[in-house]
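See below for the structure under consideration.
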Amino acid sequence: MLNYVLSRLLTFVPTFIGVTLISFMFIRMLPGDPIIVMAGERGVSPERYAELSAQFGYDRPVYVQFFEYLGGVLQGDLGTSFVTKRPVWDEFFTLFPATLELSICAMIFAVALGLPAGVIAAVNRGKFFDRALMSTALVGYSMPIFWWALLLIIVFSGNLQWTPVSGRIDLLYYFPDPTGFMLIDAVASGQKGALFSAVRHLVLPTIVLGTIPLAVIARQTRSAMLEVLGEDYIRTARSKGLSPARINGIHALRNALIPVITVIGLSVGTLLAGAILTETIFSWPGIGKWMVDSIFRRDYPVVQGGLLLIAVMVMIVNLTVDMLYGVINPKIRKR
Amino acid sequence: MSFRLSLFAGVACAALGAMGASAQSLVYCSEGSPEGFDPALYTAGTTFDASSHPIYNRLTEFKVGTTEVLPGLAESWTVSEDGKAITFNLRKGVKFHSNANFTPTRDFNADDVIFSFDRQGNPDNPYNQVSGGTWEYYTGMSMPELVSSIEKVDDYSVTFNLTRPEAPFIANMAMDFGSIVSKEYADAMMAAGTPEMVNQAPIGTGPFSFQAYQKDAVIRYLRNDAYWGDAAKVQSLIFAITPDASVRYQKVKAGECHVMAYPTPADVQAMKDDSDIVVMEQEGLNVGYLAYNTKVAPYDNPKVRKALNMAIDKQAIIDVVFQGSGQIAKNPIPPTMWSYNDAIVDDPYDPEAAKKMLADEGVSDLNLKIWAMPVQRPYNPNARRMAELMQEDFSKIGVTVEIVSYEWGEYLDRSKAEDRDGAVLLGWTGDNGDPDNFLAVLLGCDGVGASNRAQWCNEEFDKVINEAKVLPTQAERAPLYEKAQVIFKEQAPWATIAHSVVYMTMRPEVEGYVVHPLGGHIFNQVGLSQ
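In order, the protein sequences belong to chains A and B.
Each residue of the first sequence is one higher than the one before, starting from 1 at the first, in the UniProt record's numbering.
Each residue of the second sequence is one higher than the one before, starting from 1 at the first, in the UniProt record's numbering.
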């Protein structure tokens with residue numbers, strides 16, 4: 001197992017360098033100059049432009065800028081946002097817990113509903129449940145996030161007033177947030193009702209962000225289960241008289257999980273992409289909206305640093321998924 | 001992380017515990033996050049709403065709801081005979097806020113004024129490079145060229161020596177970059193090795209003191225009970241950052257916010273019909289325009305430009321693009337600005353006459369490029385749609401239009417070129433309520449190849465605005481600006497399109513809110529009925 005982990009870790013190095021280069025070049029390949037965008041309609045004189053270019057270091061060749069950036073990255077310095085004037089590292093870790101908390105909740109929601117839905121659909125193949133669940137999943141997969149979020153807000157927050165419109169907690173509650181995870185900080189604050197308020201604020205964003213992964217997981221589980229249910233050993237299990245719950249829940253599901261876990265791992269990227277819209281609509285202070293704002297402002301340090309950190313997170317999740325394969329199927333870790 | 005912890009420490013030491021959003025808390029749903037809290041470092045209105053308005057004061061202040069300039073931290077000022085030395089007499093007994101890391105030992109004085117401006121213009125000032133300071137607003141208003149020195153006369157008077165007489169200077173002092181910061185605080189933070197805290201944990205003299213900022217989520221302020229002016233009406237002010245306009249509206253409806261900014265124009269009618277919502281409106285201090293390139297034939301001919309202007313159905317643009325939240329512009333300055341020349345008659349919408357004028361000038365088979373901005377602005381919420389409407393209008397007089405667009409930075413850069421091909425859709429929002437801020441910046445000869453997108457340099461116009469700039473009183477300056485508008489209308493370097501209407505949406509219990517023509521959202525005297 002150790003060799004397996006080490007070999008997976010080694011693949012990190014070229015990926016990391018590649019991601020650093022791509023994230024650095026990506027923002028520079030877009031048209032638009034950060035200094036001109038910053039000056040806006042007012043404009044900037046050629047002299048002032050030259051001054052600012054020198055101040056930000058953009059007057060040097062791109063490869064010099066890259067190696068300087070790479071040197072900084074290797075020492076843990078991702079640069080300073082030239083919009084907020086704060087270190088990228090600080091900004092990321094101020095905002096990342098909010099995105100992570102929401103993503104974890106969305107993933108729990110998606111898995112908790114998607115897995116059973118897929119199993120039920122597979123077991124009832126061709127029947128009403130199957131068709132209803134898979135049609136719903138298709139609708140969920142196709143739903144524009146923006147529209148879905150506004151619809152939920154108007155119905156559940158506006159008309160029924162069951163949930164708050166946006167934010168992470170009622171403004172009534174005010175306490176320090178040392179971890180940045182609202183659920184944890186709310187409990188730690190000891191304030192009555194704070195946790196309940198934080199949970200209420202999580203409901204709609206979780207549903208919105210979790211909808212697409214839920215649909216994907218449900219469909220993937222169904223197809224993987226159908227494949228496994230046709231295997232000989234399942235037929236053997238049936239002939240031995242095992243209960244359907246044991247056959248489906250243990251023998252079939254465990255073997256169907258590998259492709260499902262792959263999908264869950266890949267959904268992390270989807271969650272981060274979905275977080276951009278979800279965070280904007282629900283005023284959720286996470287990294288999605290931060291990145292989009294930075295792209296529009298051509299805030300080079302934030303875009304390149306943020307992309308790099310997000311890529312590393314995705315790499316870590318994929319590594320974890322690879323580890324899980326080994327746990328579920330011992331054959332893989334022995335290869 | 002350290003920032004969060006320092007804020008936490010600040011909050012804890014403020015001994016306020018869990019300050020609730022009680023009836024004494026005013027909640028404002030703002031449209032975005034501030035870039036920081038030192039106004040001189042930034043140029044965005046969202047940042048000023050969160051920093052300069054609640055936390056700071058300036059030597060002079062705009063009277064809320066007008067562009068009139070009133071005394072602020074300067075009780076009065078005198079101007080030398082040659083107009084080149086302006087001495088401000090400072091208010092005594094003004095207290096700075098305090099926080100966990102700083103308690104002021106003295107009141108506001110001349111040292112704070114000198115420091116606040118010196119750091120922006122003097123590269124040797126230790127704070128000049130702190131927080132990556134580029135001081136865009138200060139330089140954008142040509143202050144480095146204008147201010148030759150700042151002298152301390154005594155603890156409570158300061159003289160600004162100028163390189164030339166400049167009437168708008170007093171109004172410039174009321175602008176956000178003129179916010180006065182505490183030199184004592186800056187020195188203390190520099191000594192502690194944390195100079196960036198001046199930007200992150202601000203100390204000012206304003207009606208509210210900064211309490212905490214949770215990035216991209218919530219900003220909290222507390223009433224400054226030692227405020228030198230009229231005390232704020234609420235105990236605390238909370239900005240709930242809510243980027244989506246539809247969500248802001250739902251929050252106001254649900255009572256989660258008291259006031260929201262920038263409603264979607266499509267929602268305004270529904271808001272007006274809702275008895276639980278109050279909608280206020282005022283013309284914005286802005287103008288949206290189509291700038292021809294007056295250096296390129298046949299647009300170097302004022303009659304051709306005039307003919308094109310007469311082909312544009314501006315009312316259709318107001319109805320479709322602004323969805324009613326705008327008004328037709330006939331002058332290059334907005335109607336709320338002093339010296340606005342209301343006697344000017346706009347070019348009539350008359351395609352037939354326009355067609356004839358073009359024919360009289362020998363212009364036929366004209367192809368025109370219209371540049372459509374890729375971004376939304378109050379003065380132009382949908383440039384692509386506006387360009388399409390113009391394309392339709394111009395086709396009626398035989399002019400073929402091609403619509404082009406570029407990424408915003410490219411757009412701004414390329415549109416400055418003196419040999420630019422095509423007419424540019426752009427606009428301007430006023431900084432200081434002074435006509436010079438529109439007429440000289442956008443239409444003066446100095447702006448050709450830069451902010452003067454029409455590349456229009458008219459000697460008579462330039463002479464008039466330069467004369468007006470150095471006269472000391474509004475009464476003397478206004479007739480000259482009125483005359484400049486007449487010349488502008490005759491010469492037609494632009495098609496003036498629209499001034500936006502600014503809407504503010506609030507709950508009925510909000511009292512005393514005034515829409516500010518300079519665009520800021522100011523809550524200093526806003527209260528809540530019980």
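We treat Cβ as the ideally placed atom computed from N, Cα and C, and that holds for glycine.
Residues of chain A with a CB under 9 Å from the CB of residue 43 (chain B): which are they?
-> 38, 39, 40 and 42
Just to confirm, are residue 85 (chain B) and residue 155 (chain B) a CB contact at a threshold of 8 Å?
-> no
Near-chain B residues of the region 59-84 of chain A - C-beta to any C-beta below 7 Å | 80, 82, 83 and 84
Can you list, in chain order, the stretches of the alpha helix (DSSP H) that have 4 or more residues and sit fully within the region 40-120 of chain A?
-> 46-56 and 62-74
Taking C-beta pairs closer than 7 Å, name the residues in chain B that residue 193 (chain A) reaches, listed in chain order.
-> Residues of chain B passing the Cβ test: none, with the nearest at roughly 11 Å.
Is any beta-carbon of chain B found at less than 8 Å from that of residue 223 (chain A)?
-> no
Could you confirm whether any beta carbon from chain A is found closer than 8 Å to the beta carbon of residue 56 (chain B)?
-> no
Pull up the DSSP beta-bridge partners for residue 452 (chain B), would you.
-> B:448
Cross-chain neighbours of residue 198 (chain B) in chain A, by beta carbon under 9 Å | Those within 9 Å of residue 198 (chain B) in chain A number zero; the least Cβ separation is about 11 Å.
Within the 8 Å Cβ cut-off, does residue 21 (chain B) reach chain A?
-> Confidence is the limiting factor: at residue 21 (chain B) the pLDDT is only 45, short of 50, which leaves the residue's position unreliable, though a coordinate-based value still follows. Taking Cβ atoms only, chain A reaches closer than 8 Å to residue 21 (chain B), which makes this a yes.
Tell me, please, whether the CB atom of residue 383 (chain B) is closer than 8 Å to any CB atom in chain A?
-> no
Work out the CA separation of residue 345 (chain B) and residue 462 (chain B) for me, nearest whole Å.
-> 22 Å
Specify whether the region 450-466 of chain B and the region 239-251 of chain B touch according to this definition: at least 3 beta carbon pairs, one from each stretch, less than 8 Å apart.
-> no
Endpoints, beta strand (DSSP E) assigned at residue 400 (chain B) | 400-404
Taking the alpha helix (DSSP H) that residue 485 (chain B) falls in, what are its first and last residues?
-> 474-491
Could you tell me which chain B residues have their CB closer than 8 Å to the CB of residue 52 (chain A), listed as they occur along the chain?
-> 134
Indicate whether the contact test is met: 3 or more Cβ pairs, each with one atom in the region 138-148 of chain A and one in the region 269-287 of chain A, closer than 8 Å.
-> yes
Residues of its chain near residue 165 (chain A), where Cβ-Cβ distance is below 7 Å and the 5 sequence neighbours each way are ignored | 153 and 157
Going along chain A in order, which residues have a C-beta closer than 8 Å to the C-beta of residue 450 (chain B)?
-> 43 and 45
Compare the C-beta of residue 168 (chain A) with all C-beta atoms of chain B and state if any pair is closer than 8 Å.
-> yes
Thinking residue 298 (chain A) and residue 22 (chain A) are a contact (beta carbons under 8 Å), I'd like their distance in whole angstroms, please.
-> Not quite, the Cβ-Cβ distance comes to about 17 Å (not below 8 Å), so this is no contact.
Where does residue 239 (chain B) fall in DSSP's three states?
-> strand
Kindly give me the distance between the Cβ atoms of residue 501 (chain B) and residue 327 (chain B), rounded to whole angstroms, as I take these residues to be in contact under 8 Å.
-> 6 Å
Roughly how many angstroms lie between the CA atoms of residue 22 (chain B) and residue 192 (chain A), to the nearest whole one?
-> Low local confidence applies: a pLDDT of 48 at residue 22 (chain B) is under 50, so the model's placement there is unreliable, with the coordinate-based value given in what follows. The straight-line gap from Cα to Cα measures roughly 16 Å.
Of all the CB atoms in chain A, is at least one closer than 8 Å to the CB of residue 420 (chain B)?
-> no
Have a look at residue 363 (chain B) and residue 297 (chain B) and give me their C-alpha separation to the nearest angstrom.
-> 10 Å
Can you name the start and end residues of the alpha helix (DSSP H) that residue 114 (chain B) belongs to?
-> 110-121
Residue 516 (chain B) (DSSP reduced to helix, strand or coil) | coil
Note down the Cα distance separating residue 327 (chain A) from residue 5 (chain A), rounded to an integer number of angstroms.
-> 12 Å
Residues in the region 132-157 of chain A having any Cβ partner in chain B nearer than 8 Å | 150, 153, 154 and 157
Quick one: list the residues of chain A neighbouring residue 416 (chain B), beta-carbon separation under 8 Å, in chain order.
-> 43
Just reading off the beta strand (DSSP E) that residue 66 (chain B) is part of, what are its end residues?
-> Looking at the DSSP string, residue 66 (chain B) is not in any beta strand (DSSP E), and its letter there is neither H nor E.
May I ask you to list, following chain order, the residues of the region 382-413 of chain B that have a beta carbon less than 8 Å from some beta carbon of chain A?
-> 406, 407, 408, 409, 410, 412 and 413
Any beta strand (DSSP E) of 3 or more consecutive residues that is wholly inside the region 120-183 of chain B = 147-154 and 157-162
Based on Cα-Cα distance, which residue from B:393, B:137, B:479 and B:389 lies nearest to residue 351 (chain B)?
-> B:393
Would residue 336 (chain A) count as contacting chain B if we go by Cβ distances under 8 Å?
-> Residue 336 (chain A) falls outside the range modelled here, since chain A spans only 1 to 335, and no answer is possible.
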